[in-house]
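*Asks:* To start, I am sharing the structure in question, which I have written as structure tokens.
Protein chains: 2
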Amino acid sequence: MQETTLKDNRRHDLLNAASELLAQKPAASLAEIADYAKIGKATLHRYFTGRDDLMLALAQRAFATIEDAIAKSELERGGATEALTRLIEALVPLGDKVYFLLNDSTLAEHPDLAAADHATRAPVLALIRRGQASGEFRADLTAEWIVHQMDYALFAAWQAVYDGSVARKDAARLLVTTLLGGVGMR
Amino acid sequence: MQETTLKDNRRHDLLNAASELLAQKPAASLAEIADYAKIGKATLHRYFTGRDDLMLALAQRAFATIEDAIAKSELERGGATEALTRLIEALVPLGDKVYFLLNDSTLAEHPDLAAADHATRAPVLALIRRGQASGEFRADLTAEWIVHQMDYALFAAWQAVYDGSVARKDAARLLVTTLLGGVGMR
DNA sequence: CTCGAATGAGACTATTTTATCTCATTTGAG
DNA sequence: CTCAAATGAGATAAAATAGTCTCATTCGAG
Chain V
1 MQETTLKDNR RHDLLNAASE LLAQKPAASL AEIADYAKIG KATLHRYFTG RDDLMLALAQ
61 RAFATIEDAI AKSELERGGA TEALTRLIEA LVPLGDKVYF LLNDSTLAEH PDLAAADHAT
121 RAPVLALIRR GQASGEFRAD LTAEWIVHQM DYALFAAWQA VYDGSVARKD AARLLVTTLL
181 GGVGMR
Chain G
1001 MQETTLKDNR RHDLLNAASE LLAQKPAASL AEIADYAKIG KATLHRYFTG RDDLMLALAQ
1061 RAFATIEDAI AKSELERGGA TEALTRLIEA LVPLGDKVYF LLNDSTLAEH PDLAAADHAT
1121 RAPVLALIRR GQASGEFRAD LTAEWIVHQM DYALFAAWQA VYDGSVARKD AARLLVTTLL
1181 GGVGMR
């Protein structure tokens, strides 16, 4: 039982290192990933059969992390605006584990991820629709469009944090206010 | 003189084909690009010494296209809001030639592109600042942040058009209204 | 039409990355 | 401490891609 736990931890650390490196260098080779994780290439292959397997595990964990953040945000609770704010505040800190997704094209088409993608998107879509029904969010935009824009706004925020142009602690607030209020003066 | 023109046309067609294919398949090999452009690999190498050279030319043309769109938008003319609207309406149709930039990591670090990037960003930043000074745009956000969010919102819009969830003709209007007004009800 | 330049198809080589394998060393459970 | 399992380093093979070269064919200016 402990063996399994140890292995899982190791696997977890490896995925952390990989997503960290891939966020900076999306084209990193497996050898570079192994080096960055301070393990031998052979060991990497003992945990993942190949690059595809690693990327898939990485993406699955990213989606799981997002699902977790969504669950913790309790999107059904309170006003839709407050719920969206909680969601964004929960998602912004995940950048390290999710940002690499943007730069990988092979993942978008993977069938196993379509379900995970839908599972993460559905509750957010529901929240947006709830907010539209309650008059908190604009109803002249489709919920899908809003969620899609939100996704990219998140990537933009993560990148801004990553390149230092925005402080990590400010990112969530900036994102919420930009997303909800737009850049035009009201 | 005509020889040069012919060669330039051919080069132009080749770049068009490449950006078109790379938008769909960012990891396309040079052989695939050559096939897609319906030319031999050898000919591709006669126009571009290698992948780096091709990607650089592609990116430079993308920036030139953007600069052109900016110039045609006459950002200094009229209200900042109207100017921003003109800009977005000019940029949205360029997706085919620019979208691939998002999926390439090697370009971000290329020194020759830093200047082009700055050249395209400067007039847009100036427009945002003008709008902030005139009270049209929010002044509690930095112009850099606004432009950065706008960049990603554009990529999001291009992708939505590309995957069919938004009609090409609606994209610009949607983007302008989302960007300026946000998703919250005012 | 004619000729030189440009092209395409594909053989071929070089380079890079992935994946496998061996074996000495390390690790940690008991 | 002891031993079986896990690891790391590197050799090696395999695969994919990049890049070069040759030569017969096509193209287009004049």
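Residue numbers (the numbering used here), protein chains in the order written: chain V, 1 to 186; chain G, 1001 to 1186. Glycine included, every Cβ here is placed at the ideal spot set by N, Cα and C.
Mind checking which residues open and close the alpha helix (DSSP H) that includes Thr65/V?
*Replies:* For this step, residue 65/V is matched to residue 65 along the first sequence. Its alpha helix (DSSP H) spans residues Arg51 to Ser73.
*Asks:* Pairs of beta-carbons, one from the segment 1133–1146 of chain G and one from the segment 1085–1093 of chain G, closer than 8 Å: are there three or more?
*Replies:* The segment 1133–1146 of chain G vs the segment 1085–1093 of chain G: no contact.
*Asks:* Please go through the same chain and pick out, in chain order, the residues whose beta-carbon is closer than 6 Å to the beta-carbon of Lys1097/G, but skip the five residues on each side of it.
*Replies:* As a position in the second sequence, residue 1097/G is number 97, starting the count at 1. Correct list, in chain order: Ser1019, Ala1062 and Thr1065.
*Asks:* Measuring only the C-alpha atoms, how far is Asp1163/G from His148/V?
*Replies:* Here residue 1163/G is taken as the residue at index 163 of the second sequence, counted from 1. Here residue 148/V is taken as the residue at index 148 of the first sequence, counted from 1. In a straight line, the C-alpha of Asp1163/G is about 12 Å away from that of His148/V.
*Asks:* When we look at the beta-carbon of Arg186/V and count the other beta-carbons within 10 Å, is it buried (16 or more) or exposed?
*Replies:* Your numbering for residue 186/V matches position 186 in the first sequence. With fewer than 16 other Cβ atoms within 10 Å, it is exposed.
*Asks:* Between which two residues does the alpha helix (DSSP H) harbouring Tyr1099/G extend?
*Replies:* By one-based count along the second sequence, residue 1099/G stands at place 99. Segment: none, Tyr1099/G is in no alpha helix (DSSP H) and carries neither H nor E.
*Asks:* Does DSSP put Phe1137/G in a helix, a strand or coil?
*Replies:* Against the second sequence, residue 1137/G aligns to sequence position 137. Here Phe1137/G sits in strand by DSSP.
*Asks:* Give me the DSSP bridge partner(s) of Gly182/V.
*Replies:* The count along the first sequence starts at 1 and reaches residue 182/V at position 182. For Gly182/V, which the question treats as bridged, DSSP gives no partner whatsoever.
*Asks:* Assign Ile88/V to one of three DSSP states: helix, strand, or coil.
*Replies:* Walking along the first sequence from the start, residue 88/V turns up at place 88. It is helical.
*Asks:* Out of Ser1073/G, Leu1056/G and Lys1025/G, which has the shortest C-alpha to C-alpha gap to Ala1115/G?
*Replies:* As a first step, residue 1115/G is located in the second sequence; it is residue number 115 there, counting from the start. Taking only the C-alpha atoms, the option nearest Ala1115/G is Leu1056/G.
*Asks:* Assign Arg1046/G to one of two classes, buried (16 or more other C-beta atoms within 10 Å of its C-beta) or exposed (fewer than that).
*Replies:* In the second sequence, residue 1046/G corresponds to position 46, counting from 1. The residue in question, Arg1046/G, is exposed, as its Cβ has fewer than 16 Cβ neighbours within 10 Å.
*Asks:* Rounding to the nearest angstrom, what Cα-Cα distance links Ala1119/G and Leu1015/G in this structure?
*Replies:* Locating residue 1119/G in the second sequence gives position 119, where the first residue counts as 1. Locating residue 1015/G in the second sequence gives position 15, where the first residue counts as 1. Straight-line Cα distance between these residues: approximately 22 Å.
*Asks:* Express the C-alpha separation of His12/V and Ala28/V in angstroms, rounding to a whole number.
*Replies:* Within the first sequence, residue 28/V is the residue found at index 28, counting from 1. Within the first sequence, residue 12/V is the residue found at index 12, counting from 1. Distance between the alpha carbons of Ala28/V and His12/V is about 19 Å.
*Asks:* Under the three-state reduction of DSSP, which class applies to Arg46/V: helix, strand or coil?
*Replies:* Taking the first sequence and counting its residues from 1, one reaches residue 46/V at position 46. Of the three classes helix, strand and coil, the one that applies to Arg46/V here is helix, per DSSP.
*Asks:* Should Pro1026/G be flagged as near chain V, meaning a C-beta pair shorter than 9 Å?
*Replies:* As a working mapping, residue 1026/G is identified with position 26 in the second sequence. Yes, contact with chain V.
*Asks:* Secondary structure at Thr1142/G, three-state DSSP: helix, strand or coil?
*Replies:* The sequence position of residue 1142/G within the second sequence is 142, counting from 1. Reduced to three states, the DSSP call for Thr1142/G is coil.
*Asks:* Along chain V, which residues have their Cβ under 7 Å away from the Cβ of Met1185/G?
*Replies:* Residue mapping note: residue 1185/G aligns to position 185 of the second sequence, counting from 1. Going along chain V in sequence order, the residues near Met1185/G (Cβ under 7 Å) are Gly135, Glu136, Phe137 and Arg138.
*Asks:* Okay, do the segment 72–85 of chain V and the segment 26–44 of chain V touch, 3+ Cβ pairs below 8 Å being the bar?
*Replies:* no
*Asks:* So the candidates are Leu1179/G, Ala1153/G, Thr1085/G and Trp1145/G; which of them puts its Cα closest to the Cα of Ala1069/G?
*Replies:* The sequence position of residue 1069/G within the second sequence is 69, counting from 1. Of Leu1179/G, Ala1153/G, Thr1085/G and Trp1145/G, the residue nearest in Cα terms is Thr1085/G.
*Asks:* For Ala1156/G, does the three-state DSSP call read helix, strand or coil?
*Replies:* As a first step, residue 1156/G must be located in the second sequence, where it is residue number 156. DSSP places Ala1156/G in helix when its eight states are reduced to three.
*Asks:* For a quick check, are the C-beta atoms of Leu1030/G and Leu1054/G less than 9 Å apart?
*Replies:* By 1-based counting over the second sequence, the position of residue 1030/G is 30. By 1-based counting over the second sequence, the position of residue 1054/G is 54. For Leu1030/G and Leu1054/G, yes; Cβs fall inside 9 Å.
*Asks:* To the nearest angstrom, how far is the alpha carbon of Val1124/G from that of Asp140/V?
*Replies:* Translated into the one-based positions of the second sequence, residue 1124/G becomes position 124. Translated into the one-based positions of the first sequence, residue 140/V becomes position 140. Each residue's Cα considered, the two are about 27 Å apart.
*Asks:* Count the CB pairs spanning the segment 1154–1162 of chain G and the segment 1171–1184 of chain G that are closer than 8 Å, and state whether there are at least three.
*Replies:* Cβ pair count under 8 Å is three or more, so yes.
*Asks:* Kindly indicate which three-state DSSP category His12/V falls into: helix, strand or coil?
*Replies:* Taking the first residue of the first sequence as position 1, residue 12/V is located at position 12. The answer is helix: DSSP assigns His12/V an H, G or I state.
*Asks:* For the alpha helix (DSSP H) containing Ala1034/G, list its first residue and its last residue.
*Replies:* In the second sequence, counting from the first residue as 1, residue 1034/G sits at position 34. Counting along the chain, the alpha helix (DSSP H) containing Ala1034/G begins and ends at Leu1030 to Tyr1036.
*Asks:* Do you know offhand how far Glu109/V's Cα is from Lys41/V's?
*Replies:* By one-based count along the first sequence, residue 109/V stands at place 109. By one-based count along the first sequence, residue 41/V stands at place 41. Whole-angstrom Cα-Cα distance: 27 Å.
*Asks:* Quick check: is the beta carbon of Leu1055/G nearer than 9 Å to any beta carbon in chain V?
*Replies:* The residue given as residue 1055/G occupies position 55 in the second sequence. The question names Leu, but residue 1055/G in the sequence shown is Met. Answer no: the Cβ-Cβ gap between Met1055/G and chain V never drops below 9 Å.
*Asks:* Using the beta-carbon of each residue, which ones in chain G are nearer than 7 Å to Tyr152/V?
*Replies:* On the first sequence, residue 152/V is found 152 positions in, with the first residue counted as 1. Those within 7 Å of Tyr152/V in chain G are Tyr1152, Ala1153, Phe1155 and Ala1156.
*Asks:* Determine the contact status of Gly182/V and Gly1182/G, defining contact as a CB-CB distance below 9 Å.
*Replies:* Against the first sequence, residue 182/V aligns to sequence position 182. Against the second sequence, residue 1182/G aligns to sequence position 182. Going by C-beta atoms, Gly182/V is nearer than 9 Å to Gly1182/G.
*Asks:* So with Cβ pairs under 9 Å, would you call Ile1033/G a contact of chain V?
*Replies:* The count along the second sequence starts at 1 and reaches residue 1033/G at position 33. No - not a single Cβ of chain V is within 9 Å of the one on Ile1033/G.
*Asks:* With a threshold of 9 Å between beta-carbons, can Ala126/V be considered close to chain G, or not?
*Replies:* The residue labelled residue 126/V in the question sits at position 126 within the first sequence. No, no contact with chain G.
*Asks:* Please list the residues of the segment 1163–1182 of chain G that have a C-beta atom closer than 8 Å to any C-beta atom in chain V, keeping them in chain order.
*Replies:* Ser1165, Val1166, Leu1174, Thr1177, Thr1178, Leu1179, Leu1180, Gly1181 and Gly1182
*Asks:* From this set, Leu44/V, Phe100/V, Glu82/V and Glu89/V, which residue's C-alpha is nearest Met21/V's C-alpha?
*Replies:* Locating residue 21/V in the first sequence gives position 21, counting from the first residue. For the sequence presented, residue 21/V should be read as Leu rather than Met. Checked all of Leu44/V, Phe100/V, Glu82/V and Glu89/V; the closest Cα to Leu21/V is Phe100/V.
*Asks:* Among the residues of its own chain, which have a CB less than 7 Å from the CB of Glu1089/G, if the five just before and after it don't count?
*Replies:* If you number the second sequence from 1, residue 1089/G lands on position 89. Ala1172, listed in sequence order.
*Asks:* Count the other CB atoms, across all protein chains shown, that sit within 10 Å of the CB of Asp52/V; report buried if there are 16 or more and exposed otherwise.
*Replies:* Residue 52/V sits at position 52 when you count from the first residue of the first sequence. Label assigned to Asp52/V: exposed.
*Asks:* Looking at Leu102/V: is its Cβ nearer than 9 Å to the Cβ of Leu1179/G?
*Replies:* By one-based count along the first sequence, residue 102/V stands at place 102. By one-based count along the second sequence, residue 1179/G stands at place 179. Not closer than 9 Å, so no.
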